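A quick write-up on the structure given underneath.
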Amino acid sequence: MEYFIKLENIDLETTFNCGQCFRRPFNVSQAENGIILHNIKKADIPYWENYFCTDEDYTELIKRFSQDKIMKVACEYAPGIRVLRQDPFEALISFIISQNNNIKRISGIIAKMCECFGENNAFPTAEVLAEADLSLLKTGYRTRYITDAARKVHTGEIKLDEIHNMPYNEARHELMKIVGVGEKVADCVLLFGFHKTEAFPRDVWIKRVMSEYYPNGLPDCIKGYEGIAQQFLFHYIRNNNN
DNA sequence: TTCCAGGCGTATC
DNA sequence: GATACGCATGGA
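Count the first sequence with numbering that gives the first Met the number 0 and you get residues 0 to 241, in order.
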């Protein structure tokens, strides 16, 4: 069946290309004031509503963010961004790969990873990745980080299910037990995989934003939603860097 | 050739 | 706790 989800000012192109995810679902298309899911079962509807965060009011969020001058500019530049609820394990592995790397190459590595180790091109399981020979992915020094993450998830040393219920600081600490997961990667996983919207990943681009526009810290109007605000800032600065 | 990319681990102070 | 440096790979 086809299924329409009404969402105010979502833009799929921007949402999937603003750096929060490195592969996109193939069964979604843009509609006038929302999106259309194609070839889905009725039982899958809640999954997609959750994925696109239909419970969040972005009109209200952007209005709140726009109290800050810089945020207003960033929101007006790309009002169609929405932060998705992605799969936690995929987010974990993806953002481990992302470190000191560029988005194009990250996407390429993940595509090849799905092709080589995933069931029908799906993202591979922790069980498979934990034992796989990853050398053909050419992930360089990150290879052992991927293996360590997959192994810890597979053995249950890190329980992703439980991280959902942990407060932000505790969850962050838990993820950082994985070799190759520091503060920035942990924050990306918490934001994009666990939808902890207070997580504010500080990468090279955001550090530029901070020193240039927010030398005295983040504005109060993004409190509780720092991560979503971050995504608007990230996309804006990346596309307007002189 | 050198620099950079959604950083992190390690050594050193 | 802060700072410096090496790290795999590929594109500009």
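Glycine included, each C-beta is placed from N, C-alpha and C at the ideal position.
As the structure is a prediction and not an experimental result, all values here were calculated from the model.
* If we count the other Cβ atoms within 10 Å of its Cβ and call it buried at 16 or more, is F3 buried or exposed? -> exposed
* Residue of C74, D67, I39, R84 minimising C-alpha distance to E55 -> R84
* Where the beta strand (DSSP E) through V27 begins and ends -> 27-30
* Only counting runs of 4 or more residues, tell me where the alpha helix (DSSP H) segments fall wholly within the stretch 77-121, in order along the chain. => 87-97, 102-116
* Limits of the beta strand (DSSP E) - the one that G155 falls within -> Counting along the chain, G155 falls outside any beta strand (DSSP E), and DSSP gives it neither H nor E.
* To do: Within its chain, find whatever has a CB closer than 7 angstroms to the CB of K88; leave out the 5 residues flanking it on each side and keep chain order.
  => The sequence shown places Phe at residue 88, not Lys. Correct list, in chain order: A125, V152, L159.
* Ignore the nearest five residues each way along the sequence and tell me which others in N8's own chain have a CB closer than 6 angstroms to its CB. => P78, G79
* Asked: Does the Cβ of Q242 have 16 or more other Cβ atoms within 10 Å, making it buried, or fewer, making it exposed?
  -> Any question about residue 242 goes unanswered here, given that the chain covers just 0 to 241.
* Asked: If you run the structure through DSSP and keep just helix, strand and coil, what is L135?
  -> helix
* Asked: Three or more C-beta pairs closer than 8 angstroms, one from the stretch 202-217 and one from the stretch 36-51: is that the case here?
  -> no
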